[in-house]
Structure formats: structure tokens, C-alpha cells
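*Asks:* I have a structure here, written as C-alpha cells, and I will follow up with some questions on it.
There are 2 protein chains.
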Amino acid sequence: MRQKEKVTIYDISKKLNISAATVSRALNNSNRVSLKTKELVLKTAKDLNYQQNTLALALKSGRTFNVGVVVPYINHTFFASVIRGIEEELEPKGYHVIICQSHENVENEAKQIKALLNTHIDGIFISVSKTTEDIKHIEAVRDEGVPLIFFDRKMDISGVSSVTINDYEGAFAATEHLIKQGYTKIAHIGGDPKLQIYKHRYDGYIAALKVNNIAIDESRILEVSSTVEAGIAAVQDLLNKKTEFDAIFSASDYVALGAMRELRSRDFKIPQDVGIVGFSNEPFTKYLERPLTTVGQTPVLMGQIAAQVFLEQIKEKNKSVQVEKRVVLMPELYERETSLKKGSTH
Amino acid sequence: MRQKEKVTIYDISKKLNISAATVSRALNNSNRVSLKTKELVLKTAKDLNYQQNTLALALKSGRTFNVGVVVPYINHTFFASVIRGIEEELEPKGYHVIICQSHENVENEAKQIKALLNTHIDGIFISVSKTTEDIKHIEAVRDEGVPLIFFDRKMDISGVSSVTINDYEGAFAATEHLIKQGYTKIAHIGGDPKLQIYKHRYDGYIAALKVNNIAIDESRILEVSSTVEAGIAAVQDLLNKKTEFDAIFSASDYVALGAMRELRSRDFKIPQDVGIVGFSNEPFTKYLERPLTTVGQTPVLMGQIAAQVFLEQIKEKNKSVQVEKRVVLMPELYERETSLKKGSTH
DNA sequence: TATTTTCGTGCAATCGATTGTATTTTGTTA
DNA sequence: TAACAAAATACAATCGATTGCACGAAAATA
Numbered sequence: 001m002r003q004k005e006k007v008t009i010y011d012i013s014k015k016l017n018i019s020a021a022t023v024s025r026a027l028n029n030s031n032r033v034s035l036k037t038k039e040l041v042l043k044t045a046k047d048l049n050y051q052q053n054t055l056a057l058a059l060k061s062g063r064t065f066n067v068g069v070v071v072p073y074i075n076h077t078f079f080a081s082v083i084r085g086i087e088e089e090l091e092p093k094g095y096h097v098i099i100c101q102s103h104e105n106v107e108n109e110a111k112q113i114k115a116l117l118n119t120h121i122d123g124i125f126i127s128v129s130k131t132t133e134d135i136k137h138i139e140a141v142r143d144e145g146v147p148l149i150f151f152d153r154k155m156d157i158s159g160v161s162s163v164t165i166n167d168y169e170g171a172f173a174a175t176e177h178l179i180k181q182g183y184t185k186i187a188h189i190g191g192d193p194k195l196q197i198y199k200h201r202y203d204g205y206i207a208a209l210k211v212n213n214i215a216i217d218e219s220r221i222l223e224v225s226s227t228v229e230a231g232i233a234a235v236q237d238l239l240n241k242k243t244e245f246d247a248i249f250s251a252s253d254y255v256a257l258g259a260m261r262e263l264r265s266r267d268f269k270i271p272q273d274v275g276i277v278g279f280s281n282e283p284f285t286k287y288l289e290r291p292l293t294t295v296g297q298t299p300v301l302m303g304q305i306a307a308q309v310f311l312e313q314i315k316e317k318n319k320s321v322q323v324e325k326r327v328v329l330m331p332e333l334y335e336r337e338t339s340l341k342k343g344s345t346h
Numbered sequence: 001m002r003q004k005e006k007v008t009i010y011d012i013s014k015k016l017n018i019s020a021a022t023v024s025r026a027l028n029n030s031n032r033v034s035l036k037t038k039e040l041v042l043k044t045a046k047d048l049n050y051q052q053n054t055l056a057l058a059l060k061s062g063r064t065f066n067v068g069v070v071v072p073y074i075n076h077t078f079f080a081s082v083i084r085g086i087e088e089e090l091e092p093k094g095y096h097v098i099i100c101q102s103h104e105n106v107e108n109e110a111k112q113i114k115a116l117l118n119t120h121i122d123g124i125f126i127s128v129s130k131t132t133e134d135i136k137h138i139e140a141v142r143d144e145g146v147p148l149i150f151f152d153r154k155m156d157i158s159g160v161s162s163v164t165i166n167d168y169e170g171a172f173a174a175t176e177h178l179i180k181q182g183y184t185k186i187a188h189i190g191g192d193p194k195l196q197i198y199k200h201r202y203d204g205y206i207a208a209l210k211v212n213n214i215a216i217d218e219s220r221i222l223e224v225s226s227t228v229e230a231g232i233a234a235v236q237d238l239l240n241k242k243t244e245f246d247a248i249f250s251a252s253d254y255v256a257l258g259a260m261r262e263l264r265s266r267d268f269k270i271p272q273d274v275g276i277v278g279f280s281n282e283p284f285t286k287y288l289e290r291p292l293t294t295v296g297q298t299p300v301l302m303g304q305i306a307a308q309v310f311l312e313q314i315k316e317k318n319k320s321v322q323v324e325k326r327v328v329l330m331p332e333l334y335e336r337e338t339s340l341k342k343g344s345t346h
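As you go down the protein sequences, you meet chains A and B in turn. Counting along the first sequence from 1, when you hit position 127 you're at 127 in the UniProt record's numbering, and nothing is skipped either side. Counting along the second sequence from 1, when you hit position 268 you're at 268 in the UniProt record's numbering, and nothing is skipped either side.
This is the structure we're talking about:
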């Protein structure tokens, strides 16, 4: 295995009998180097297959052109798509995206952030884990002067920008849609309200009921984790307690899927007996035998905007002006079979 | 925003009136430093909240304790799980995993690899894209002396280790399972045979038919891309051409899902009229109304083993002994409803 | 007490690139 | 051709940590 000798600017300088400083300036197209020398250096660099040592550069300049993204799980389509959006914006500008997962665990999250800071990234994008309450590790990022951008799941910390979805409006639209379809006993299977997104979805659901003069029945409201199993259990729970309901607005597509399965296995007809709406527009929702109505969140756009916010932020950073930008995107309701009691409106 | 001043070993040395060299030795627990000084340094380091500058260290030592993983898509459960396995093995040893996606595109793949080499990673794990034929960018890794490990999708390059699944056996088992269930006209919807995995699955299918004295009918064999849409189109194609078949062994769960949907929309009964087996054990296969029989690949284990191979490799590297390790894992058939004509055997 | 080890520490070079400040070379003008 | 401005290049410090070598002091031995 021929361990390729790394070519440095010193090799070039020796070969051309000039100083390394001149080589560096030539490579950086400084106007203090003659055209002739520049051409010579560029040619030699190419001949020797010179590659700039980014470590040395980073050590000197303090910039690595790496940014970190921390998400709960990389295999959730939503997060993967946000990452895609970030990549699309930043890679053309020479940045490299380092992806980390917290596995919905604060300690992991803190560890990943520490590792990122240690690698000297130029910025961090994060969607916090469900278990994140202590925010010391997040404040540490801000305190180190590293640009930080929340997306989707944010925390209220001053001086930190965020890009989120208007979960409230999404939930409101979903619930109102069910009402318009003639459902009145609408249950809500939500998530842990410690996470703002679930709180907002809950609020949207409540608001839609109120606006439409539908009484709120606490027994129809459950809080579960975002899994298929939890959806199954939630429906069993509702049925066991003989809670009446003719529709379910779930804050998660996975839970909605579980709910559907359980209902159908008990011979409920969807959407005739029970209407169902999920949240996230996970790809599988489209492919179900009975495609699921759900709230879509434009995750790629979210990533792109988060990246743009970051780019602005590092521009401002030199001026040491602190900016805190908060972007809120509007979600979109995908009306599909599981909620169209009256038949398709398309 | 108080930009925290970075504390260096020089700050410690000044404070204690000793040289930076001694500080460095103390921090590295060298036996050339007195116990007293060591304790003093450690205490001061803690007080000042000293953090080692990994860039400087990397520049000096040539090691970054970062490894790169390149996969086609991070949101495919299979790849996400392999990454999980790698993380599990390497993070406890102080490594940080940098995740990159090629989006099934060679140029992207080459770009990501270049970026990784530029970041001075200590090793690269890769599952090549479907469009990878030119392997210059991969040979470049080996030529730089950076440990390289293929997983799942490999290429035949000397001096490169790999961890793969025995796709042949998986396909053989799947096909034989269908035969045992009484199906005889078994179609195969495979993928591009340029990718070894698809070639091997095809070979396994053929072998199982031959061993069981079933004639091979070319018209029952299709090659498509790994999407739901392709599965739908494939079944339409078979039906349009009036090809007879009573089972489908698909090299992809997504394709199998598409096939199922199309068959059911045309009122074929599964598994009575047509039996179906997929490949990969994607999570959704379990949650379908009629759970899909599929071949599971122990991806987390694959990641763990790949990581272990890497760790061995860097040990050997010092001895400049070239090792090329090839690990092949055995897949497992998950027998579920879509192929159990005779009823569950559980 | 004189001499040799041993131990602890400091000096300075190194990793590769950048950049402010000389210094040299070239070109221009009187 | 002398004098000076401008252009091109070199020198050396810097980023932060590591490490071979050298040096002095204390400890061990004769």
C-alpha cells in the first residue's frame, strides 16, 4: 500500500525555488504575486497533485467549513429530508454536513454536541430530543460563539434562531377538516406536551373544536409515544373505556397507522365509522391500502431555510451583531381516503 | 455574545510558571513528570476549563478520530441500522462517525469521499451507489492509505475489506420457501445486476428453482428499480404480457409492496392466488394489513462487524501488513402472511 | 566527598498554511 | 544615470499540541 506522501506548499516552494509564503499567496490568488509566478505555482501544484491541508487551515483560520446537524433519528423521513435541504444549500458553498443522531436521548445529544464543538464545526443545526429539559449543553454552544439554529423542535433560548412549522395551524386545519366531513366526536392522540410541537398540535385541535362549537371531552384525549404499537394500544384503551369517538386526529403518522390497524381488525370501517388524520406525511401514508390523510411539513424547505439563516448568521458574526431570527413555515393538509367520508373532493 | 477565549496549554503553563511541554506531558500522563506537577496541572486544567484542541492534535499526529460512512440514503432503515451498529462499536472508543449520502449518484459519492479525505478521517465505510462503475475515487482512498471497508454493496478491489450478506442464500431460502408452500410459477422482480447484491439474489432464485426441478421461464424475470411505483408497473407488465405466475420473489420490499397493491386492486387474493416474498425486512413490512414475508439482514450486526474490521485494520496498519478481510453474514427469512398459503407454521 | 544515575523540566523543532512586515527587484521619472 | 515609487518576493511569527534532546538538580553509589 503506497502511502501517498502528502504534498505541501513547501514541496512546491522547493521545486520552484521560491518561498512558501509566495506559494500560499499564489494559490490564494493574491495580487501581490506576479502573473508568471502564479501560473507556475498553479501548474506545479497540479503536477504534484497538491491538496490543501484543511487541518492546518482550520488551525490557523478557526474555520473548518464543517457544520453539524443533530437529529433524534436519521432514518425518519422528516429529518432525513431536512438534512437534504441543508445539504442542498450548503454544499455548493463548500460546506460539509456532519450528521449526528441523539436517539431521543439527552445524554447522547450532549455527547454529540460536545464532539461537534471539539471538531470545531462552524455551526450547529439541531432538533432537540424528547428528553431534553436541561439545556446546559445547548447554552454551551451559544456561549462558545458557535452559530446555533433550531429546526422543528426548538427550545426557548435567547439569541438562538429557529425554523419551525406552524403546528398549531396544521392541527387546526386537520381537525376542522374532520369537522367539515361531518365527524363530531373527534379524539386526539397526541405526544408529550413537553415538546412544543405536540403542545401546539394539541392547542390547534382544541381551538378548532371551540371555533366550531364542539364540546371538548377530556376522555377523548390521549398522550402516547410516536410508535405503531402505541397507536394500537391507544385505540384499545379508548374502546376498553367505552369512550365514544367517530374520528381520530393523531399527532403522528405511526400512531395513526397503529390506530387504523387496530380499528380494522375490530371491523370498524374507515372512513365510514371512524375518520383518521395523521401528521408528518411519512412516505408510507401514501402507499397504504387506504391512503392516510395527513399534515405535510415541507421538510426540505425547512432545511434550506435553516441553512440560509445560518449563512446570514455567520455574515453578521463578524460585525458582532447578535441576530435571532425565527421563521415559521405553513404546513399543508393532504386529504386522502381515511378522512373523506363524503367521497373524494379532488 | 461572550466569545469564550479558548484555553490552551500555554495558559496553563503561564499560570503555573512551567513550560508548555511539561503541561502537555502532564496531561498525557507521561512518567517523566513528577506527581506533584501532574496534579497541579490537572487541577488547573479543570479550573480553567481546558479543552484539548483536536485540530492541533490532528495536525501533529495525523489522526482525527473521525471516520466517514457513505451510504446511498440515510433514511433507508437498512443503512440507518448499519450506521447505528458502527456507532455502537466506535463511539465508546472515542471515534466520531461522519455520515454522508450519495443519493445513488457516483459523482456525489466521489465528492463526499473527497470531502472526507480532505477532513482527514481515519477510515471510510462505504456501501456503493447503484451508478458506481468507475472506481477511481474508491481506489484513491486505498492509495492514500486510508482504511476502507465495504458493507453490503461492495466492489471487487484488492486490498479492501468487506462485510456483506449472503444474498445468494437469502434468495435461495426465499424461493425454496415459496416452492415448499406449493407455488410453482414463481416470478422474480430483481434489480440491476451490476450491483452484486442483485446478481446474487438472482442467482439464488435460479438455483432454488433448478434444485427443485422447476423450469426457468425468462418471461417471469424482470429488472426494475427499488420503488413502489416500479413494483406496480412490474405487475402491470406481467399481466399485460399474460405471463402466468402464482408467486413473486422480489429483491426489494418496496417493489413487493407495489406489487401487492396492484394485485389486490385487481382482486387477486394474497397469498391464495399469488404468494409474495420481499427482501430487507423494512419496518413497514411488519405493519402492513397483510404482513409481508421477507428476508432480514441483521444490519446492526453488519455495522458492528464492519467497525471491528476497521479497528483491526488500523492496528495492523502500523505494522504495514496489508490485510483484506471478507465477512459474509447469513440472512434470515421472516415467514409472514403473504406467502403462507398453507397457513401459519408458527 | 567525588562521581555516576536518575528524575524532572525546559528548549526548540515540527505538523501545514497564512499574513504582517521587511527586503529585494523592477520600473518610472527627472 | 541618479533617485524614487511600485511591485514582487522573502522572512518570521502564528495557530496549539507533541516530542527528541539537552540541561540541571537531586539521589544513589563508590
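We treat Cβ as the ideally placed atom computed from N, Cα and C, and that holds for glycine. Since we're looking at a predicted model, the values are computed, not measured.
(1) With 16 other CB atoms within 10 Å as the buried threshold, where does A21/B fall?
(2) Would E282/A and T77/A qualify as a contact pair, given that the criterion is a beta-carbon distance under 7 Å?
(3) Less than 7 Å between the C-beta atoms of Q101/A and V71/A, yes or no?
(4) Taking 8 Å as the cut-off, does the stretch 192-205 of chain A touch the stretch 228-244 of chain A (at least 3 CB pairs, one atom from each stretch)?
(5) Can you say whether I305/B is buried or exposed, counting buried as having 16 or more other CB atoms within 10 angstroms of its CB?
(6) If distances are taken between C-alpha atoms only, which option among E89/A, D192/A, E262/A, G170/A comes closest to S280/A?
(7) A215/B by DSSP, collapsed to three states: which one?
(8) If we call anything under 7 Å between Cβ atoms a contact, is L333/B one with V300/B?
(9) For R266/A, does the three-state DSSP call read helix, strand or coil?
(10) Please list, in chain order, all residues of the same chain as S81/B whose beta carbon is under 6 Å from its beta carbon, the five residues on each side excluded.
(11) Within the same chain, show all residues whose beta-carbon is closer than 8 Å to that of H177/A, passing over the 5 residues directly before and after it, in chain order.
(12) In whole angstroms, give me the CA-to-CA distance for E289/A and R261/B.
(13) What did DSSP end up calling S344/A once you bin it into helix, strand or coil?
(14) With H, G and I counted as helix, E and B as strand and the rest as coil, what does DSSP make of S339/A?
(15) Is R326/B helix, strand or coil when you go by DSSP?
(16) At what residues does the beta strand (DSSP E) containing H188/A begin and finish?
(17) Using a Cβ-Cβ cut-off of less than 7 Å, give me the residues of the stretch 200-212 of chain B that come near chain A, in sequence order.
(18) With a floor of 3 residues, list each beta strand (DSSP E) that falls wholly inside the UniProt domain "HTH lacI-type" (7-61) of chain A, ordered by position along the chain.
(19) Which whole runs of the alpha helix (DSSP H) in the stretch 228-316 of chain B are 4 residues long or more, in chain order?
(20) Under 8 Å, CB to CB, which of the residues in the stretch 271-286 of chain A have a partner in chain B?
(21) Do you know whose CA, among E144/B, S162/B, H120/B, V228/B, lies nearest I126/B's CA?
(22) With a threshold of 7 Å between beta carbons, is E289/B in contact with chain A?
(23) Are there 16 or more other CB atoms within 10 angstroms of the CB of Y168/A, so buried, or fewer, so exposed?
(24) Once the 5 residues before and after S24/A are set aside, which same chain residues still bring their CB inside 6 Å of it?
(25) When DSSP labels each residue in this structure, what does E176/B get in the three-state scheme?
(26) Note the first and the last residue of the continuous beta strand (DSSP E) segment covering I149/A.
(27) Taking DSSP as the reference, what is the three-state secondary structure of T132/A?
(28) Under 8 Å between beta-carbons, which chain A residues line up against L239/B? List them in chain order, please.
(29) How about T54/B: is its C-beta nearer than 7 Å to some C-beta of chain A?
(30) Under 8 Å by Cβ, that's how I've got I165/B and P291/B pegged, so tell me the actual separation to the nearest angstrom.
(31) Can you have a look at G275/B and say buried or exposed, based on whether 16 or more other CB atoms are within 10 angstroms of its CB?
(32) Report yes or no: do three or more beta-carbon pairs, one from the stretch 148-158 of chain A and one from the stretch 176-192 of chain A, lie closer than 8 Å?
(33) What does a CB cutoff of less than 8 Å around I83/A pick up in its chain, not counting 5 residues either side in sequence?
(34) Anything in chain A within Cβ reach of A58/B, meaning under 7 Å, just list it in chain order.
(35) What does DSSP give as the partner residue(s) for H96/B in the beta ladder?
(36) Are the beta-carbon atoms of residue 366/B and I12/B separated by less than 7 Å?
*Replies:* Let's see:
(1) That one is exposed.
(2) Yes.
(3) Taking the C-beta atoms as reference points, V71/A is found nearer than 7 Å to Q101/A.
(4) The answer is no - the stretch 192-205 of chain A does not touch the stretch 228-244 of chain A, with fewer than three Cβ pairs under 8 Å.
(5) By the C-beta density criterion, I305/B is buried, having at least 16 other C-beta atoms within 10 angstroms.
(6) The option with the nearest alpha carbon to S280/A is G170/A.
(7) DSSP, read as helix, strand or coil, puts A215/B in coil.
(8) By the CB criterion at 7 Å, L333/B and V300/B fall outside the cutoff.
(9) Reduced to three states, the DSSP call for R266/A is coil.
(10) So the qualifying residues of the chain are P299, V300.
(11) Within the same chain, H177/A has close Cβ partners V277, T293, L333, E335, S339.
(12) When rounded, the distance between both Cα atoms is 7 Å.
(13) A caution first: S344/A carries a pLDDT of 44, below 50, which makes its placement in the model unreliable, though a value can still be read off. Coil, per DSSP.
(14) DSSP places S339/A within a helical segment (H, G or I) once states are collapsed to three.
(15) The DSSP-derived three-state label of R326/B is strand.
(16) Per DSSP, H188/A belongs to the beta strand (DSSP E) from 186-190.
(17) Taking 7 Å as the cut-off between beta carbons, none of the residues of the stretch 200-212 of chain B comes near chain A.
(18) Entirely contained in the UniProt domain "HTH lacI-type" (7-61) of chain A, not one beta strand (DSSP E) run reaches 3 residues.
(19) Entirely contained in the stretch 228-316 of chain B, the alpha helix (DSSP H) runs reaching 4 residues are, in chain order, 228-240, 253-265, 283-287.
(20) If you check each beta-carbon in the stretch 271-286 of chain A against every beta-carbon of chain B, the ones closer than 8 Å belong to F284.
(21) Selected option, being the one with the closest Cα: S162/B.
(22) It does; some Cβ of chain A falls within 7 Å.
(23) Its Cβ being crowded by 16 or more others within 10 Å, Y168/A is buried.
(24) The residues are I9.
(25) Helix.
(26) Secondary structure note for I149/A: its beta strand (DSSP E) is the uninterrupted segment 148-151.
(27) Assignment of T132/A by DSSP, reduced to helix, strand and coil, places it in the coil class.
(28) Residues of chain A with a Cβ closer than 8 Å to the Cβ of L239/B do not exist; the shortest Cβ-Cβ separation is about 19 Å.
(29) At a cut-off of 7 Å between beta-carbon atoms, T54/B makes contact with chain A.
(30) Contact flag wrong, Cβ pair sits at about 21 Å.
(31) G275/B counts as buried, since no fewer than 16 other beta carbons sit within 10 angstroms of its beta carbon.
(32) Too few Cβ pairs lie closer than 8 Å, so no.
(33) When the five nearest sequence neighbours on each side are left out, the beta carbons in the same chain lying within less than 8 Å of the beta carbon of I83/A are those of V69, V71, I74, V97, I99, G303, in order along the chain.
(34) Under the 7 Å cutoff, chain A gives L55.
(35) Under DSSP, the beta-bridge partners assigned to H96/B are N66/B.
(36) Shown here, chain B extends from 1 to 346; a query on residue 366/B therefore has no answer.
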